[in-house]
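Counted from 1, the sequence shown has number 796 at position 796 by full-length UniProt numbering; the numbering is strictly sequential. Read the structure below first, then the notes.
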Amino acid sequence: MTVLIFEPMLNRPHNHTEVAYCCWQVRADKMKADCVDKWVSTVFRTLGESIARTPGYYIVVPVMLFLTLSTGMQRIKYQDDPEYLFSPQNGQSHKDRERLFQLFPQNTSQDFDLSRLVTPEKFGRVIFYTKPGQNILRKGVFDDILKVDQLIKNLSSTWDDDTKNWYEICAKSEPHVCFTNDIFDYTIGKLRLVPEEDQGSNATMGLGIKYPLHFINATREIYFPGGFLGEIRTDENSEIVYSEAINMFYYIESSTRKKRLRAEQWENDFLKAMPKFCEDLEHVNCAYFTSLSLTQELEHNTTNVVPYFSITVFIMLAFTVSTCLMVDNVRSKPWLGMLGCLASGISVLAAFGLTMYVGVEFIAINMAAPFLMLGIGMDDTFVLLAAWRRTDPKKSVVERMGETYSEAAVSITITSLTNFISFIIGAITPFPSVRIFCVYTAVCVLFTYIYQVTFFGACMAIAGYAERRNLHGLFCFPTLPRSLAKDKPLWFKVLCSGGLNPNDPKNPKDNQEHILMVFFRDTWGAVLSKGYVKVMVIACFLVYIAFGIAGCCQLKEGLERYKLATDYSYAKTFFNIDDKFFRKYPYRVQIFTNVTLDYWNPETHEHLMDMLDEFESSAYIGNTELTECWFREFRRQAENNQQAQVFLGSFDLNVKEDYIKALRHMLKVEPFSTFKRDIKFNDDFTEIIASRCIIQATDIRNANDEKEMVLDLRRIAENFPELNLSVYHTLFIFFDQFILVRSTSLQNIIVAALVMVVVAIIFIPNLSCAFWVCFSMASIEIGVLGYMTWWNVNLDSISMVNLIMCIGFSVDYSAHISYAYLTASERDPNAKMREALHSLGMPIFQGSISTVLGIIVLAFAPSYIFLTFFKTVFLVIVFGALHGVVLLPVLLSLTDGICKKTSQKATFGLDGESHAPENGHVAFIYGSSPPQGHQLYKPTFDSIVHFEAGKAGANGQEYFSPYSSPNGTYLNKGLVLEGDEGSLRLGTLVGNGELVAEGGGKEKLNPAYLEEEEDKEEAASQKSSDSGLADTVEYREQNKESQSNKQMYHI
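And the structure:
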């Protein structure tokens, strides 16, 4: 279908005719909405023409920039602290830790207590475990364990030319007393042989202690075996007789920087020695871990994925080269496929270098960025190539590059802008890992966009010049057009022929389209045009969205620590064993207050008891006997212990001075002296300005339990605002991630979505299309969230990165197809759908496949981090592509015209009769070209006459004559230059009334209103800026008295 737009020319001389290209085929009263689109298209047209004229500059400058910026990678600052990376910087636990450290600072040199840790300390940890059903409390097993225990304690480590073993650098619970594993302390009678068993190596061991608590007469200590033994069974006396695992701790002094560095060296030596120690065990298995393990695992995540990048590059090159090939060897662009990959690669290196130059830390998950950018960059490559293929090969390279960039500008700008904005929004999250990754990736997106439109565009221009000279697309030698290669062998036709015949440039043998473009228009578009297929598509979508919503309702949150380890590492084994045996009593939780209270006041004491009771009533906290609280134990001893009553008999505990004196005396007596770590006096010991209690978490099985436990404990603390309570454990900093990840993700997704809506409306100023783009974005996000749940991916800081990224990706293909549909020259919805699929079906297919191929190798990486990237990106690309080439074309065709303003009720046509309009238009269908000599009368300015010829006229055939309009302008004659079945195409109208055919021929038009003299300079300018725009002619005349009388005629 051909479009003529006639409109009075404003503020121009009477004797000038202007032809202006309109990006969108819309009514004249709606043209104001496309200002951004037209501006971007105009700018890119100029850029494309500039690149075509001087491609060398656009290659050399980006390459020099890459070489300069990539040197920044020598300034890399690698960050691998898991606590810093995966915990929110504004989390409550960070604040609680600072408060607790000020009140009760820990000293590993003389005052270490595992239950009262404030900051993570240096340690080695070993779990010995048997096969299911086998008792670890056997003499032979204990002999093995004791042997390894001694090997670890005697393990020497050299740092700064000083060699020491564990005994010399251990964390000390008292001066010169190492914190040890009490289970092996024979001196207090914790371990003994069960008398009735044989004394052989398989003799069953009995600990002779109660479970869950045991009181040790020799030291008056209370021993808690739940922290050391796993899968416990007891006899009728509640004594432990069976266990399957033993937990061992080897903490190291790290109170100064020098001691911390020495401790880290010992940990490294420990990790090197443990595989050999474990191999020598005969009766038991072991798993081990250190404070450095997660840090090293993050580093291994990075190093393990590097080899996959070379595989990805090979796969991408193979795919891009194969999809850039055509039957026509001249129009094939295999080198451009390779150069597109190169453009993506050097853009990532330049972006990384610049980001490192400004001091941004580098983290392991940044290694996913090159894989993503390879896919994103190739998407732009394919869109540019598709736009190039749709240009007329008979035109100059400058014209074709201008048209290519003008057509592709909005599509690649929207996708790059939305991706960039989504990562910028992600960069403001409180999670450093997300923030750092988003900063790097946002810069990569920006550089990829720049390098695609400059470096790759210049390469495309050079390839265009080679194509114009009929050079082979791969080997660059002159070729023979297929139309002239009739007598050549088959191998010559397949491998060596191509290009246009200069004597017959329109020969169909030399103008074959890419097979995929034809497929999407003629086959896939025809399938989607059928009514029952549309019904099936909608039904499948409803099923898809139902499963997505169901998955969202079952979404799990939290990044368990084992997921940071690589799949086959010792750390992952350790976490699995730890979760299996030691989830019954996993955490000793500290409750503390910095409020000065009247502890001697009975009412205050009762209030504190109520507080403890509420904590202990939580489903996540153990009962009273597992709680350590000095003011409860002090009152209990004073009231129930006869020895204490004698000792405290002279003190009135309801009087402040006596209470404090009695308390200070008790803190000198074992075992009550343990509580001296939980009480903070003022400088003159007249007030208790802070205190602490320890409660026991029970049955915490997974990340969701950990999140709910923290929330429940903080809720209880808030019930006592007058006490200013805080709850803390060293791992709560990680658990804050579980609490904030949902709200943070939701906030970022909503903000990003709103921004994407604004961008879509700006670039696609059509309410229907913009609505469906937003609809697709929401649908894809729901699908990714829901289906990643079914695919065993939690909502955590890793997947949150991908969800933010998905917002940008979900707009890509929807924006492509919506924009193509909106700008289609056809009027029939199904025809517009086929035209849109013809324009962008192939780039969407290529872009989606290339992105999936870019990250497919991550599916085989032994890492949850990169496997999560693969799963989420795979989901968003697959769902986005299906929305782009299946669902959205159907929805656009079904809702076409909803937002359009209809024209007048009737339009008068060539036959003089009034016809009811269809979608605001009246179509006159002819079996052949329209008849000659008929007057086309248009009685009102707002009406539209729309012609569809069943068969186009031949070249030179008169198309309409004469034409008259109410304001008295006349166009005497027009020519049909070329046509296809069902459509007509006209040449370009230029300033002096000439109709210029694409081949260069001219036919003189002689409109009555044109004067004899013509401003040739103006005409030449217009011809240069608008040559080749044969599908749309806009004709304007100055008419100051009726400037608002704009008319549009579709012919």
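Don't be surprised by glycine CBs; every beta carbon is placed ideally from N, CA and C. Keep in mind it's a predicted model, so treat the numbers as computed, not measured.
For Ile252, the enclosing beta strand (DSSP E) covers residues 245-252.
In the DSSP annotation of this structure, the continuous segment of the beta strand (DSSP E) that includes Ala690 starts and ends at 688-696. Phe845: member of the alpha helix (DSSP H) spanning 829-855, first to last residue.
The continuous alpha helix (DSSP H) containing Ser818 extends over residues 797-822. Pairwise C-beta distances place the segment 456-472 in contact with the segment 42-61, as three or more of them are shorter than 8 Å. DSSP places Cys476 outside both helix and strand once states are collapsed to three, so it counts as coil. A direct Cα-Cα distance of roughly 14 Å separates Asn802 from Ile421. Closest option to Leu117, judged by alpha-carbon separation, among Met338, Tyr532, Glu98: Glu98. Remark: C-beta atoms of Gly786 and Phe879 do not approach each other more closely than 8 Å. Taking 8 Å as the upper bound for CB-CB distance, Ser745 and Met800 are in contact here, some 5 Å apart. For the pair Tyr167 and Glu174, the Cα-to-Cα distance works out to about 14 Å.
Ranked by Cα distance from Ser293, the first of Ala245, Gly72, Phe270 is Phe270.
Distance between Ile538 and Thr895, taken at the CA atoms: about 13 Å. Annotated as distal: Arg715 and Val727, with beta-carbon spacing of 8 Å or more. Secondary structure at Ile240: strand, using DSSP grouped into helix, strand and coil. Here Cys553 is exposed: its Cβ has fewer than 16 other Cβ atoms, across all protein chains shown, within 10 Å.
Of the residues Ile450, Asp684, Ile798, Val758, the one whose Cα lies closest to the Cα of Phe738 is Ile798.
Between Ser347 and Gly48, the C-beta spacing is not below 8 Å. Rounded to whole angstroms, the separation of the alpha carbons of Leu137 and Val148 is 16 Å. Runs of the alpha helix (DSSP H) spanning 4 or more residues and lying entirely within the segment 35-96 occur at 35-53, 55-69, 82-86, in chain order. Tyr288 is bridged by DSSP to Val126. Sixteen is the threshold: when 16 or more other Cβ atoms of the shown chains lie within 10 Å of the Cβ of Arg400, as they do, the residue is buried. Taking a contact to require three or more Cβ pairs closer than 8 Å, the segment 377-395 and the segment 86-95 do not qualify as touching. Beta-carbon to beta-carbon, Asn247 and Phe582 are separated by about 6 Å, close enough to satisfy the 8 Å threshold. For Phe592, the enclosing beta strand (DSSP E) starts and ends at 588-593. Going by DSSP, Ile749 is part of the alpha helix (DSSP H) stretching over 732-763.
Note: Ile621 is bridge-paired with Ala697 in the DSSP secondary-structure output. For Lys153, the secondary structure class from DSSP, reduced to helix, strand or coil, is helix.
With 16 or more other CB atoms across the displayed protein chains lying within 10 angstroms of its CB, Arg692 is buried. The distance from the Cβ of Val773 to that of Ala815 is about 6 Å, consistent with a contact at the 8 Å cut-off. In this structure, the CA atom of Val852 is about 14 Å from the CA atom of Cys341. The shortest CA-to-CA distance from Trp630 to any of Ala619, Phe592, Glu282, Val655 is the one to Phe592. Ranked by Cα distance from Ile660, the options Asp143, Glu267, Lys676 are led by Lys676.
Straight through space, the alpha carbons of Pro225 and Thr627 are spaced by roughly 14 Å. Taking a cut-off of 8 Å for Cβ pairs, the segment 618-626 and the segment 687-705 touch, as three or more such pairs fall below it. Residue environment analysis places Leu384 among the buried positions, since at least 16 neighbouring C-beta atoms fall within 10 angstroms of its C-beta.
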